[in-house]
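*Asks:*
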């Protein structure tokens, strides 16, 4: 057991750490599954929605869309004349850079319009065209450039392809560059950013992709960046009749085409302008985190996503995923705490702790996003915390059974069922390494004459001792004692260990157990016609050493020290008696009566019995059927149940509905051990039915100095019934021998019942009178028999 406790204490933290690592690895592996990865991305959308639109519209980036409002004669391809007019207006307005999100991959049927657009691009000198990416026959990624006719006069170009999530076309991150055939390829936003920063894009494209350029954001992560969307699609803004934060300033193309240069300069001077499609049936509309019911499920045009991504690249506060250290901390620390809780605490506590931890993780995820633009994983630590809880519970289930089996093997023979349950529930009581504490010890020893012992066969002797120790053990267990030693004719019990009890409690339980053992012994030997056999009991209290002794796996629980030695010495005295030390008597003087034993040395007392109760052995009287006539079982959950009443002979002839009317007339009373129910000579007013406990009926002397026990009544007995029929004086006293619960029927309540239910009341009186008559007849017969026996003996 000592090794068990040591192992339990030293390995719980290590086990919780292993559980945390295992849960973290398992959760990490699951993130490679599509649904789990998608769930993590979905939490990002929820964080955007929780944060909502924020900040002012960009002062550097402007959006121009070509939509239905332009009222163009055709849309495919876009009239090059209209596009040229828009670019010319932006150029005259002083735009710093112009990104065109229309693929100019071939000539249109209007050659003059193509020439006009080419000349406009050349005159502007700051136009960045788009390319697109696809895979060739060799399944390798390739970039399809604009028609050289338009590309030669352009400043630069960049791909407009988004790498969207499978199936839902949701864009949450962008790339400033990508590797194609081992070289760099710039995106539209990446090209605009590079030109804004004065970088040589030709040199970047010539650079091996393995050699990253630090001039572009995200070079440490393949140039990837989460797009920090500041608001929903601009179409949603246009339907509002009030201002709302966030978003990108947007203009219709027909407005821009018609702006006079001064007005164009007011809106576009030194701005980066992105021009793209705003048609409702455009193929490049994508979902973003703001695609929700709150924002009318509006998809965002590709050109606007480029604008948001460019704004993200140029922003001082980047939206970034948490680093390895913080992610590991968020995965392992909660998993460790939850795993520890699952191993150390019962499931009804550990599971709420796990749920609370998961809730905190989610709150932290939303808090970091809103306050620090930091994206911490939520699904990953949620999975690791969940797995840690499950693994911890699984570990506990697999090991706790073995631990508890070992505890049952060690403590099972010592304790009663209820005590063993309590020990199993509190592992801290398993400690048997060796402790020192104040306990009370009881030794009981049978004294059997040698001649009678020799007359018993081996089988009779074993059966006798087995029956005796079964009965005595129940008494010890009832008083929360633990048996640490069985011998042929003796037993040792400790109170206050292994389940700790306050001094007052374990000393009281010890002496009450000793009294009950003595009473049980008298009944036990009487049934076996062993009147010459005696039981001596010794009790003491004090500081003792408690632990296991033995070798290998063979250990026994032992109590060492003065209380064990002294109580065993006291139990070695002959005769039926309970001997106790002065220290113990000082603690229990209000529970038991005792006398000093001067012949056994100073400080030794003999316990006579409970306070205000007859001495031990006084109840060894012939059974008197006047008192004991009925027994029944009752439902402990219903102290005044109709089932209980139906079990009494006085109510045996009554129907269920009659008992339902009688039950309100009964009162429930409790009395402590030694407390009087009524006294001899007083006028009676009620009868009593015992629910639990015991009551002594005492015949007291006229001076009240002495009393004789007539009968000890138990659950199911009733007494004092004469009082409900007449106002006679009580012929005897009734005193609670143990804590007792009584049902009381007062005379006045019986009369009220007769007034309310005359027929029922008469039947009850008749039944009560009949029982009393039967008792008187039986008593008369017993009296005549006693007189005849006395005459014959004379």
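Residue numbers (our numbering): 12 to 805.
Even glycine gets a Cβ: it sits at the ideal position worked out from N, Cα and C.
Remember, predicted model here, so these are calculated numbers, not experimental data.
Between residue 544 and the rest of its own chain, which residues show a CB-CB distance below 8 Å, the 5 nearest in sequence each way excluded?
*Replies:* Residue numbering aside, residue 544 sits at position 533 when the chain shown is read from its first letter. Around residue 544: 457, 458, 459, 460, 463 and 536.
*Asks:* If you reduce the DSSP assignment to three classes, tell me which class residue 633 lands in.
*Replies:* Position 622 of the chain shown, counting from 1, holds the residue named residue 633. Because the pLDDT of residue 633 is 38, which lies under 50, any placement of that residue in the model is unreliable, and the question is left without a value.
*Asks:* Can you check whether the CB of residue 131 is closer than 8 Å to the CB of residue 98?
*Replies:* For the purposes of this step, residue 98 is identified with residue 87 of the chain shown, where counting begins at 1. For the purposes of this step, residue 131 is identified with residue 120 of the chain shown, where counting begins at 1. Their beta carbons are under 8 Å apart, which means residue 98 touches residue 131 by this criterion.
*Asks:* Out of 509, 80 and 72, which one is the CA nearest neighbour of residue 263?
*Replies:* On the chain shown, residue 263 is found 252 positions in, with the first residue counted as 1. Measuring from the Cα of residue 263, the nearest candidate turns out to be 80.
*Asks:* Run the CB neighbour count on residue 155, radius 10 Å, all protein chains shown included, and call it buried at 16 or more, exposed below.
*Replies:* In the chain shown, the residue the question calls residue 155 occupies position 144. Exposed, since its Cβ has fewer than 16 Cβ neighbours within 10 Å.
*Asks:* Looking at the secondary structure, which residues open and close the alpha helix (DSSP H) in which residue 287 lies?
*Replies:* The residue you call residue 287 lines up with position 276 of the chain shown. Not the alpha helix (DSSP H): residue 287 falls in the beta strand (DSSP E), residues 283-288.
*Asks:* Quick check: what's the CA-CA separation for residue 511 versus residue 551?
*Replies:* The residue labelled residue 511 in the question sits at position 500 within the chain shown. The residue labelled residue 551 in the question sits at position 540 within the chain shown. So the two alpha carbons sit approximately 17 Å from each other.
*Asks:* At which residue ranges does the region 131-180 contain complete alpha helix (DSSP H) runs of 4 or more residues, listed in the order of the chain?
*Replies:* Counting whole runs of 4 or more residues, the region 131-180 contains the alpha helix (DSSP H) stretches 159-162.
*Asks:* Can you tell me whether residue 195 is buried or exposed, with buried defined as 16 or more other CB within 10 angstroms of its CB?
*Replies:* For the purposes of this step, residue 195 is identified with residue 184 of the chain shown, where counting begins at 1. With 16 or more Cβ atoms within 10 Å of its Cβ, residue 195 is classed as buried.
*Asks:* The beta strand (DSSP E) that contains residue 255, what's its start and end?
*Replies:* Position 244 of the chain shown holds residue 255. Per DSSP, residue 255 belongs to no beta strand (DSSP E) and is neither H nor E.
*Asks:* Suppose the cutoff is 6 Å on Cβ atoms and the five residues either side in sequence are ignored; what does the same chain contact list for residue 710 look like?
*Replies:* As a first step, residue 710 must be located in the chain shown, where it is residue number 699. These residues qualify, in order along the chain: 719, 721 and 743.
*Asks:* Going by beta-carbon coordinates alone, are residue 124 and residue 102 separated by less than 8 Å?
*Replies:* In the chain shown, the residue the question calls residue 124 occupies position 113. In the chain shown, the residue the question calls residue 102 occupies position 91. Not in contact: residue 124 and residue 102 (Cβ atoms no closer than 8 Å).
*Asks:* Name the two residues that bound the continuous beta strand (DSSP E) containing residue 195.
*Replies:* The residue labelled residue 195 in the question sits at position 184 within the chain shown. Segment 194-197, the beta strand (DSSP E) holding residue 195.
*Asks:* Find out if the Cβ-Cβ distance for the pair residue 499, residue 475 is shorter than 8 Å.
*Replies:* Here residue 499 is taken as the residue at index 488 of the chain shown, counted from 1. Here residue 475 is taken as the residue at index 464 of the chain shown, counted from 1. Against a cut-off of 8 Å, the Cβ pair of residue 475 and residue 499 comes out as no contact.
*Asks:* In terms of residues, what are the limits of the beta strand (DSSP E) holding residue 707?
*Replies:* Here residue 707 refers to the residue found at position 696 when the chain shown is read from its first residue. Unbroken beta strand (DSSP E) run through residue 707: 706-711.
*Asks:* Check whether the Cβ of residue 471 sits closer than 7 Å to any heavy atom of the ligand COA, and report yes or no.
*Replies:* Looking at this structure, you won't find the ligand COA or any other ligand, since it has none at all.
*Asks:* When the Cα atoms are used, what is the spatial distance from residue 201 to residue 169?
*Replies:* Start at 1 with the first residue of the chain shown, and residue 201 comes out as number 190. Start at 1 with the first residue of the chain shown, and residue 169 comes out as number 158. Their Cα atoms are separated by approximately 7 Å.
*Asks:* Would residue 208 be called buried (16 or more neighbouring beta carbons within 10 Å of its own) or exposed?
*Replies:* Here the question's residue 208 lines up with position 197 in the chain shown. By the 10 Å Cβ count, residue 208 comes out exposed.
*Asks:* DSSP three-state call for residue 36: helix, strand or coil?
*Replies:* Locating residue 36 in the chain shown gives position 25, where the first residue counts as 1. Residue state, collapsed to three classes: helix.
*Asks:* Are at least three pairs of beta-carbons, each pair with one atom in the region 762-775 and one in the region 700-709, less than 8 Å apart?
*Replies:* Touching, no, given that fewer than three Cβ pairs across the two stretches are closer than 8 Å.
*Asks:* Span of the alpha helix (DSSP H) holding residue 215?
*Replies:* Translated into the one-based positions of the chain shown, residue 215 becomes position 204. That run of the alpha helix (DSSP H) goes 212-217.
*Asks:* In its own chain, which residues sit with a C-beta less than 7 Å from the C-beta of residue 94, not counting the 5 before and 5 after it?
*Replies:* Stepping through the chain shown from its first residue, residue 94 is reached at position 83. If we look at residue 94 and ignore the five residues flanking it on each side, its Cβ neighbours are 113 and 128.
*Asks:* Residue 355 to residue 703, Cα distance in whole Å?
*Replies:* Indexing the chain shown from 1 puts residue 355 at position 344. Indexing the chain shown from 1 puts residue 703 at position 692. The alpha-carbon atoms of residue 355 and residue 703 are separated by roughly 40 Å.
*Asks:* What residue range does the beta strand (DSSP E) around residue 184 cover?
*Replies:* Position 173 of the chain shown holds residue 184. 184-186 is the extent of the beta strand (DSSP E) around residue 184.
*Asks:* Checking 8 Å against the spacing of the C-beta atoms, do residue 171 and residue 138 come in under that value?
*Replies:* On the chain shown, position 160 is the one that residue 171 refers to. On the chain shown, position 127 is the one that residue 138 refers to. It is not a contact, given that the beta carbons lie outside the stated cut-off.
*Asks:* Please give the ranges of any beta strand (DSSP E) in the region 74-121, keeping only runs that are unbroken, at least 3 residues long and fully inside the region.
*Replies:* Qualifying beta strand (DSSP E) stretches, in chain order: 108-111.
*Asks:* Would you list the one or two residues that DSSP bridges to residue 65?
*Replies:* What you label residue 65 is simply residue 54 of the chain shown in a count that begins at 1. In the DSSP output, where bridge partners are listed per residue, residue 65 has none listed.
*Asks:* Alpha carbon to alpha carbon, what distance is there between residue 789 and residue 640?
*Replies:* Your numbering for residue 640 matches position 629 in the chain shown. Your numbering for residue 789 matches position 778 in the chain shown. The pLDDT assigned to residue 640 is 30, lower than 50, so where the model puts this residue is not dependable, and the model offers no usable value.
*Asks:* Just the Cα atoms here: how many angstroms apart are residue 89 and residue 78?
*Replies:* Here residue 89 corresponds to residue number 78 of the chain shown, with the count starting at 1. Here residue 78 corresponds to residue number 67 of the chain shown, with the count starting at 1. Roughly 11 Å separates the two Cα atoms.
*Asks:* Rounded to whole angstroms, what is the Cα-Cα separation between residue 783 and residue 741?
*Replies:* Working through the chain shown from its first residue, we reach residue 783 at position 772. Working through the chain shown from its first residue, we reach residue 741 at position 730. Each residue's Cα considered, the two are about 15 Å apart.
*Asks:* Is it right to say residue 117 is buried, meaning 16 or more other beta carbons lie within 10 angstroms of its own, or is it exposed?
*Replies:* Taking the first residue of the chain shown as 1, we reach residue 117 at position 106. Result: exposed.
*Asks:* Taking the alpha-carbon of residue 756 as reference, which of 408, 368 and 675 has the nearest alpha-carbon?
*Replies:* By 1-based counting over the chain shown, the position of residue 756 is 745. Of 408, 368 and 675, the residue nearest in Cα terms is 675.
*Asks:* Tell whether a beta-carbon distance below 8 Å holds between residue 585 and residue 547.
*Replies:* On the chain shown, position 574 is the one that residue 585 refers to. On the chain shown, position 536 is the one that residue 547 refers to. Yes. Within cutoff.
*Asks:* Straight-line CA distance for residue 50 to residue 350?
*Replies:* Translated into the one-based positions of the chain shown, residue 50 becomes position 39. Translated into the one-based positions of the chain shown, residue 350 becomes position 339. The straight-line gap from Cα to Cα measures roughly 24 Å.
*Asks:* Per the DSSP calculation, residue 501 is bridged to which residue(s)?
*Replies:* Along the chain shown, read from residue 1 onward, the residue named residue 501 stands at position 490. 456.
*Asks:* Start and end of the beta strand (DSSP E) containing residue 620?
*Replies:* Position 609 of the chain shown holds residue 620. Taken as a continuous stretch (DSSP letters only), the beta strand (DSSP E) holding residue 620 covers 615-621.
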